[in-house]
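Visitor: Which chain is which? The protein sequence lines are A and B, in order.
Numbering-wise (my numbering), the first sequence opens with residue 4 and increments by one.
Numbering-wise (my numbering), the second sequence opens with residue 4 and increments by one.
Just so it is clear, CB atoms sit at the ideal spot from N, CA and C, and this is done for glycine as well.
Just passing along the structure, written as structure tokens.
Protein chains: 2
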Amino acid sequence: MRRPSERRVVLADVARLAGTSEATASRALKDDPRIGVPTRAAVRAAALKLGYVPNAAARSLRARRTHILGLLLDELSDPVHGKVAAGFEEAAAARGYAVFIMTGLHDPERERRALTAFLEHRADGIVLASCVSDPADVHARVAADRVVFVQPDYPALADGAEPPPRGVLRSDDPAGFAATVRHLVERGYERLAYVGPGVVSSDALRRAAAADAVASYGLAPMRYIDSGLDGWRDASTAARAIEEDPPDALICYDDKLALALLDALRATSLRIPGDVAIAGFDGILPAHQSRPRLTTVDVPSVELGRRAVEMLLATGRDGRLPSSEVLPVRLVVGESTPPRRARSAPEIVGQAVPSRRGASA
Amino acid sequence: MRRPSERRVVLADVARLAGTSEATASRALKDDPRIGVPTRAAVRAAALKLGYVPNAAARSLRARRTHILGLLLDELSDPVHGKVAAGFEEAAAARGYAVFIMTGLHDPERERRALTAFLEHRADGIVLASCVSDPADVHARVAADRVVFVQPDYPALADGAEPPPRGVLRSDDPAGFAATVRHLVERGYERLAYVGPGVVSSDALRRAAAADAVASYGLAPMRYIDSGLDGWRDASTAARAIEEDPPDALICYDDKLALALLDALRATSLRIPGDVAIAGFDGILPAHQSRPRLTTVDVPSVELGRRAVEMLLATGRDGRLPSSEVLPVRLVVGESTPPRRARSAPEIVGQAVPSRRGASA
DNA sequence: AGCGTCCGCGCAACCGATTGCACAAGCCAC
DNA sequence: GTGGCTTGTGCAATCGGTTGCGCGGACGCT
Chain A
4 MRRPSERRVV LADVARLAGT SEATASRALK DDPRIGVPTR AAVRAAALKL
54 GYVPNAAARS LRARRTHILG LLLDELSDPV HGKVAAGFEE AAAARGYAVF
104 IMTGLHDPER ERRALTAFLE HRADGIVLAS CVSDPADVHA RVAADRVVFV
154 QPDYPALADG AEPPPRGVLR SDDPAGFAAT VRHLVERGYE RLAYVGPGVV
204 SSDALRRAAA ADAVASYGLA PMRYIDSGLD GWRDASTAAR AIEEDPPDAL
254 ICYDDKLALA LLDALRATSL RIPGDVAIAG FDGILPAHQS RPRLTTVDVP
304 SVELGRRAVE MLLATGRDGR LPSSEVLPVR LVVGESTPPR RARSAPEIVG
354 QAVPSRRGAS A
Chain B
4 MRRPSERRVV LADVARLAGT SEATASRALK DDPRIGVPTR AAVRAAALKL
54 GYVPNAAARS LRARRTHILG LLLDELSDPV HGKVAAGFEE AAAARGYAVF
104 IMTGLHDPER ERRALTAFLE HRADGIVLAS CVSDPADVHA RVAADRVVFV
154 QPDYPALADG AEPPPRGVLR SDDPAGFAAT VRHLVERGYE RLAYVGPGVV
204 SSDALRRAAA ADAVASYGLA PMRYIDSGLD GWRDASTAAR AIEEDPPDAL
254 ICYDDKLALA LLDALRATSL RIPGDVAIAG FDGILPAHQS RPRLTTVDVP
304 SVELGRRAVE MLLATGRDGR LPSSEVLPVR LVVGESTPPR RARSAPEIVG
354 QAVPSRRGAS A
């Protein structure tokens, strides 16, 4: 237990106790082969005895490497971002990097401040997950070989750019939505609708991907239902709009929204999935446990976080990041999108109020 | 866009451009009143023009303050921990602190390494959420006025210690479980069972709190059902055990487990809540959206994170942390615990659970 | 014995900011 | 004109490690 009066143990103390110079002590502690084995042992022992803890600030000041990685994301409490963060932290820790995490909350000003913090602390690498700022602004502040974009909302950073961008990592969301649409079409759904928050820019991409798929099947253009920004909490407005004019199936921006809708639609006369099928996106755990089980798309969120670290730390000798990557996604069919023609008996699964009757067959 | 050839801009460059010394430039940038207004403006302009970004390592080396806070938790992808992290990050950012987040994953060795990282980076404060290490070991490494324990699993750090501990922050879980038991008793449930992972140490506390409450109502001792460590993913084993000999109601360690059980019990002949009622704990979003809606206890997780920051930064002039705090929780009655008999019991929906603040008895 | 190597280690500069202290003006009063 | 003050700046030490370079001694070889 360190008393206020005791000064912090510094390298000089270790060196003194070990009977060497600071230089030797420093090298010994990092197992420099130029230092003899006995000396190394002596320094080790001294450090241990004194409870020496090197000062990272001093070290990185001289070494020009901080072993710090910065991660910027929207919301830590969001399951998807939480998984990205978990994968990121795990991979970083495994490689001996500490992780700065800051949240942007869709606020450009907060993002700017977060970036400033990363830069002041001289993070060795920065990962921007779903940032709302302009990548050009970002690149004006951060060297291109030090920043990786994960799930960028910017079409410009996606495919088709010339030259192929580096340092961009994302999951194949368009393919996921295409798979969802295909699944629905194969199951006999025709009038599809997309529900999303609108303002989030990745929403436009997902919606467009679904719309493209719908068009490719020759179906009528997909209806768009605005869930609003807080549709994740209160989806009742969207639920009423759906009740008024129910489509055959709903394609949701993400699982969080789908689950909120599932909940809100209980208050309507609609039976789910009997009257309206519903599909989500992300593959978060509650989606797999909901009732009915949600048809959704598993996104490798943890893997995204992990790969982001690997990309950052894999700059080749040309000092450039590996080229961009797209991680595959996987459609998971649940009970929320049953074959449409097969429905003959009334669905019980989607009933609104739990039964309080006695035992029933 | 910074080219590799351009050297990083340092304070000396700013000073040169502004025509002052480094000392003056440094003071000007932090609005030292001793520096004349024109000089301050000149330095400001020079810094802006050069795109100067101060080096946090150099600054904190000399200033002996890093403006870094460390947060150690079990799993970032866990909803509860995610909310704690979110509150923590938000409060820290608002006060100009950067946040190191590391995960322990219930592994003492990882926790040790995380603590080492915090210490090497000289974090101004450290928050340990649900760490599995011995607090004594922690205090041997970290000054007592620099670390806050959130939701400690250690009875020794809870109430009753003498002198009252400082730097301990938790929610009133015992009161929450007591409220759940009371609710179940009032609704006519008699044979209660507790389901938990067993090995997690906070499990013992929760179980004990529930058991105490059960005893206080003169009911038979509560049965214990082991969910296993990965009961959050696969609760089928526990579900089979429940089906074999169903209690009246299940009190679960947390919502995650309750939801998994809810899901697993669908594969049994039991109807929920008709045959067996079920209650969770934590108040995570999916619990409020599940079907049936889960009776649970809202825990102020975000607030825990926020308060942790405030406690860390509120050390008085005696250099000591504020005394420990217990945040109140709130029972939320859902559909998973309907009245069991015809006799109607008083509704206590949304009633706040009486809770004590501070460590004073 | 003489000479070239190699090994192990220390000197001192350096990373980039902060800060105690001193000093130079400018101003007033005597 | 000189002393006492205030005001605005600069010098240089300092924080705690890292690292280029050089030096002394042990060792091998002729």
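#1: Per DSSP, residue 105/A is paired with what?
#2: Can you find the residues in the same chain that come closer than 8 Å, C-beta to C-beta, to residue 52/A, ignoring five residues on each side of it along the sequence?
#3: Mapping DSSP to helix, strand and coil, what is residue 179/A?
#4: Are residue 124/B and residue 59/A touching if we call contact CB-CB under 7 Å?
#5: I need the boundaries of the beta strand (DSSP E) containing residue 96/B, first residue and last residue.
#6: Quick one: which unbroken alpha helix (DSSP H) runs of 4-plus residues sit fully inside the segment 272-351 of chain A? Chain order, please.
#7: Buried or exposed: where does residue 290/B fall if 16 or more other Cβ atoms within 10 Å of its Cβ makes it buried?
#8: Chain B beta carbons: is any one of them nearer than 7 Å to that of residue 109/A?
#9: What in chain A is Cβ-close to residue 103/B, meaning under 7 Å?
#10: Which of the residues in the segment 261-279 of chain A, read from start to end, lie with their CB under 8 Å from any CB of chain B?
#11: Of all the options 103/A, 111/A, 136/A, 138/A, which has the alpha carbon lying nearest to the alpha carbon of residue 121/A?
#12: In the DSSP output, what is residue 132/A paired with across the bridge?
#13: Nearest by alpha-carbon distance to residue 294/B: which of 112/B, 215/B, 258/B is it?
#14: Going by DSSP, what residue range makes up the alpha helix (DSSP H) through residue 47/A?
#15: Return no unless some Cβ of chain A is closer than 7 Å to the Cβ of residue 86/B.
#16: Using beta carbons (cut-off 7 Å, strictly below), is residue 318/B in contact with chain A?
#17: Only counting runs of 3 or more residues, tell me where the beta strand (DSSP E) segments fall wholly within the segment 218-243 of chain B, in order along the chain.
#18: Around the C-beta of residue 33/A, are 16 or more other C-beta atoms found within 10 angstroms, so that it is buried, or is it exposed?
#19: When you compare each of 268/A, 216/A, 29/A to residue 238/A by their alpha carbons, which one comes out closest?
#20: Under the three-state reduction of DSSP, which class applies to residue 21/B: helix, strand or coil?
#21: List the residues of chain B whose Cβ lies closer than 8 Å to the Cβ of residue 292/A, in chain order.
#22: Output the distance between the C-alpha atoms of residue 138/A and residue 119/A, rounded to the nearest integer angstrom.
#23: Give me the Cβ distance between residue 221/A and residue 343/A, rounded to the nearest whole Å; I'm assuming they're in contact under 8 Å.
#24: Of all the CB atoms in chain B, is at least one closer than 7 Å to the CB of residue 1/A?
#25: Please report whether the beta-carbon of residue 345/B lies at a distance below 7 Å from any beta-carbon of chain A.
#26: To the nearest angstrom, how far is the alpha carbon of residue 195/A from that of residue 206/B?
#27: Starting from residue 78/A, find everything on chain B with Cβ-Cβ shorter than 7 Å and list it in chain order.
#28: Would you say residue 122/A lies against chain B (beta-carbon separation less than 7 Å)?
#29: Quick check: the segment 99-113 of chain B against the segment 87-99 of chain A, are at least 3 beta-carbon pairs closer than 8 Å?
#30: Kindly indicate if chain A contains any beta-carbon less than 7 Å away from that of residue 56/B.
#31: Please say whether residue 80/A and residue 283/B have beta carbons closer to each other than 7 Å?
#32: Closer than 8 Å, Cβ to Cβ, to anything on chain A: give me those residues from the segment 15-46 of chain B, in chain order.
#33: Could you name the residues of chain B that residue 96/A contacts, counting a contact when the two beta carbons are closer than 9 Å?
#34: Does residue 114/A pass the burial test, meaning 16 or more other C-beta atoms within 10 Å, or should it be called exposed?
#35: Looking only at DSSP bridge pairs, what is residue 378/A linked to?
#36: With 16 as the cutoff for other CB atoms within 10 Å, does residue 67/B come out buried or exposed?
Guide: Looking at the atomic coordinates:
#1: The residue given as residue 105/A occupies position 102 in the first sequence. Beta-bridge pairing links residue 105/A to 75/A.
#2: Residue mapping note: residue 52/A aligns to position 49 of the first sequence, counting from 1. So the list reads 20, once near-sequence residues are dropped.
#3: On the first sequence, position 176 is the one that residue 179/A refers to. Residue 179/A sits in a helix when the DSSP states are folded into three classes.
#4: Start at 1 with the first residue of the second sequence, and residue 124/B comes out as number 121. Start at 1 with the first residue of the first sequence, and residue 59/A comes out as number 56. The answer is yes: Cβ separation under 7 Å.
#5: As a working mapping, residue 96/B is identified with position 93 in the second sequence. Judged by DSSP secondary structure, residue 96/B falls outside any beta strand (DSSP E) and instead within the alpha helix (DSSP H) spanning 82-97.
#6: Whole alpha helix (DSSP H) segments, 4+ residues: 288-292, 304-315.
#7: Position 287 of the second sequence holds residue 290/B. Under this definition residue 290/B is a buried residue.
#8: Residue numbering aside, residue 109/A sits at position 106 when the first sequence is read from its first letter. It does not: the Cβ of residue 109/A has no partner Cβ on chain B nearer than 7 Å.
#9: What you label residue 103/B is simply residue 100 of the second sequence in a count that begins at 1. The contacting residues are 101, 102, 103.
#10: 262, 263, 265, 266, 269
#11: Along the first sequence, one-based indexing puts residue 121/A at 118. Looking at the Cα atoms, 103/A is the closest of the given residues.
#12: Here residue 132/A is taken as the residue at index 129 of the first sequence, counted from 1. Residue pairing from DSSP places residue 132/A in a beta bridge opposite 153/A.
#13: One-based indexing of the second sequence puts residue 294/B at position 291. Comparing Cα positions, the closest option is 258/B.
#14: Translated into the one-based positions of the first sequence, residue 47/A becomes position 44. Residue 47/A -> alpha helix (DSSP H) spans 40-53.
#15: The residue labelled residue 86/B in the question sits at position 83 within the second sequence. Yes, residue 86/B lies at the interface with chain A (some Cβ there is under 7 Å from its Cβ).
#16: Translated into positions along the second sequence, residue 318/B becomes position 315. The Cβ of residue 318/B sits no closer than 7 Å to any Cβ of chain A.
#17: Taking 3 residues as the minimum length, the beta strand (DSSP E) runs contained wholly in the segment 218-243 of chain B are 226-229, in order along the chain.
#18: Position 30 of the first sequence, counted from the start, is the residue given in the question as residue 33/A. That one is exposed.
#19: For the purposes of this step, residue 238/A is taken as the residue at position 235 of the first sequence. With distances taken between Cα atoms, residue 238/A lies closest to 268/A.
#20: Residue 21/B sits at position 18 when you count from the first residue of the second sequence. Three-state result, residue 21/B: helix.
#21: Residue mapping note: residue 292/A aligns to position 289 of the first sequence, counting from 1. Per Cβ cutoff of 8 Å: 262, 263, 265, 266, 289, 293.
#22: Here the question's residue 138/A lines up with position 135 in the first sequence. Here the question's residue 119/A lines up with position 116 in the first sequence. Using only the alpha carbons, I get a separation of about 15 Å.
#23: One-based indexing of the first sequence puts residue 221/A at position 218. One-based indexing of the first sequence puts residue 343/A at position 340. Actually they are not in contact, since the Cβ atoms of residue 221/A and residue 343/A sit about 17 Å apart, beyond 8 Å.
#24: This structure gives no information on residue 1/A, because the portion of chain A shown stretches from 4 to 364.
#25: To locate residue 345/B, count along the second sequence from 1; it is residue 342. Confidence is the limiting factor: at residue 345/B the pLDDT is only 45, short of 50, which leaves the residue's position unreliable and the question unanswerable from this model.
#26: Locating residue 195/A in the first sequence gives position 192, counting from the first residue. Locating residue 206/B in the second sequence gives position 203, counting from the first residue. Cα-Cα distance, rounded: 46 Å.
#27: Locating residue 78/A in the first sequence gives position 75, counting from the first residue. In chain order: 89.
#28: Locating residue 122/A in the first sequence gives position 119, where the first residue counts as 1. Interface residue, yes.
#29: yes
#30: In the second sequence, residue 56/B corresponds to position 53, counting from 1. Interface residue, yes.
#31: Against the second sequence, residue 283/B aligns to sequence position 280. Against the first sequence, residue 80/A aligns to sequence position 77. No; because the gap between Cβ atoms is not below 7 Å, this pair is not in contact.
#32: none
#33: The count along the first sequence starts at 1 and reaches residue 96/A at position 93. When 9 Å is used as the limit between beta carbons, residue 96/A is near these residues of chain B: 105, 106, 113, 116, 117, 120, in chain order.
#34: Looking up residue 114/A in the first sequence gives position 111. Buried, since its Cβ has 16 or more Cβ neighbours within 10 Å.
#35: Missing from the structure shown is residue 378/A; chain A here goes from 4 to 364 and no further.
#36: On the second sequence, position 64 is the one that residue 67/B refers to. Exposed, since its Cβ has fewer than 16 Cβ neighbours within 10 Å.
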